[in-house]
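Chemist:
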Amino acid sequence: MKLFRSFFLCSVLFSLNVGLQAQDLFDESHSRQFANYLFSNGEYEFAAREFLRLFIVAPEEEEYSTKLARSLFLSKQYSILATTFRNSFKEKEIPCHLQKLYTKSLILTSTHTDVSSHLQTNPCWSSEEKSYYVLANDLLHFKFPEAITTYHSASVNSGREAFSAVIHKIENAHYKKPWTSALLSAIFPGSGKAYCGYWKDGLFSFIMIGLSGWQAYSGFTKKGVSSVYGWINSSLALAFYSGNIYGSIKAAHQYNYTINHEIYHHAEQILLLPD
């Protein structure tokens, strides 16, 4: 009986000890170690979850808020980063050590007006730093004329130089005029698309309109205006001709869209560079 009681007590104590050890795995110290382990191994999305839990428990700890911001930023969760810190602090009270990643995330997810308002009221930036973010905000919201003005009005020692290649690309961009493209295709089918660099599409339009027009002419020549064949092909020629003009306008817009997004992605790559 005594032997059984001793065995039972040992079993209970062992179970309690295991339970306590298991609980310890989820205390702040172990959670911090696990979060840092995930972060150091590049598991930023999972690290963000752990640092968020730690941040909720101890929001005053700068390490937790910093690592949470970096984890969210490196895992491209920009909207969550901006929302988390905007809800955790009043926007004007977000600590300065979080402002760089918060502002970058805001530029990537909010409107140009909202970011401009934030930059104007932010007490953390020097005038040079503010110039950098104002310029980034203009570029990433396709405000290219404003970006050029901001760039040339900023001091040489400001962060503007990071975007010098982007500004050079804007100033040397050659956009296509949609109505010029349409006029060219109206005069010579397919030439508007060729003007925008789409030579194959232009050649296809020219061939299809030429063939349809020739077949229509052939039909009318043989049977006169009563030729069904001639009317069918003339309708096709008219449809191809109209589509050729409309397509030339679209080609110009597509060409300009491509240039704008190349500029955008270049600026975005610079903004996402580590500090």
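First residue of the sequence shown: 242, per this note's numbering; consecutive thereafter.
All C-beta atoms, glycine included, are put in the ideal place defined by N, C-alpha and C.
Just so it is clear, the structure is predicted and the values come from calculations on it, not from any experiment.
1) Just to confirm, are ILE486 and ALA435 a CB contact at a threshold of 8 Å?
2) Is ILE335 helix, strand or coil when you go by DSSP?
3) How about ASN277 and PHE383: do their beta carbons lie closer than 8 Å?
4) For GLU503, does the count of other Cβ atoms within 10 angstroms reach 16, so buried, or fall short, so exposed?
5) What separation, rounded to the nearest whole angstrom, lies between the Cα atoms of ALA299 and PHE292?
6) Would you give the residue range spanned by the alpha helix (DSSP H) that LEU360 belongs to?
7) Could you tell me how far apart the beta carbons of VAL356 and ASN378 are, in whole angstroms, since I believe they sit closer than 8 Å?
8) Check each candidate in HIS494, PHE296 and ASN282 and name the one with the smallest Cα separation from SER226.
9) Would you call the stretch 477-495 in contact with the stretch 447-458, where contact means no fewer than 3 C-beta pairs closer than 8 Å?
10) Please state if the CB of LEU339 and the CB of ALA310 are separated by a distance shorter than 8 Å.
11) Can you say whether TYR518 is buried or exposed, counting buried as having 16 or more other CB atoms within 10 angstroms of its CB?
12) I believe ILE411 touches PHE445 by the beta-carbon criterion, under 8 Å. Please report the beta-carbon distance rounded to the nearest angstrom.
13) Might you give, ordered along the chain, the residues of its own chain that have their beta carbon closer than 6 Å to the beta carbon of TYR319, omitting 5 neighbours on each side?
14) Would you mind sorting LEU513 into buried or exposed? The rule is 16 or more other CB atoms within 10 Å of its CB.
15) Quick one: Cα of ALA263 to Cα of SER372, how far?
16) Please report how far the alpha carbon of TYR505 lies from the alpha carbon of LEU381, in whole angstroms.
17) Going by CA-CA distance only, name the one from LEU376, PRO364, SER475 and SER468 that's closest to GLU521.
18) Of all the options LYS463, HIS415 and GLU509, which has the alpha carbon lying nearest to the alpha carbon of HIS494?
19) Taking Cβ positions, are TYR285 and SER316 nearer each other than 8 Å?
20) Can you say whether CYS337 is buried or exposed, counting buried as having 16 or more other CB atoms within 10 angstroms of its CB?
Modeler: The relevant details are as follows:
1) no
2) coil
3) no
4) exposed
5) 10 Å
6) 353-362
7) 5 Å
8) The structure shown does not extend to residue 226, since the chain is modelled only from 242 through 516, so no value can be given for it.
9) yes
10) yes
11) Because the chain spans 242 through 516 in this model, residue 518 falls outside it and cannot be assessed.
12) Not a contact, Cβ separation roughly 32 Å.
13) SER346, LEU349 and THR350
14) exposed
15) Because the pLDDT of ALA263 is 49, which lies under 50, any placement of that residue in the model is unreliable, and the question is left without a value.
16) 6 Å
17) Outside the modelled stretch of the chain, which goes from 242 to 516, sits residue 521, for which no answer is possible.
18) HIS415
19) yes
20) exposed
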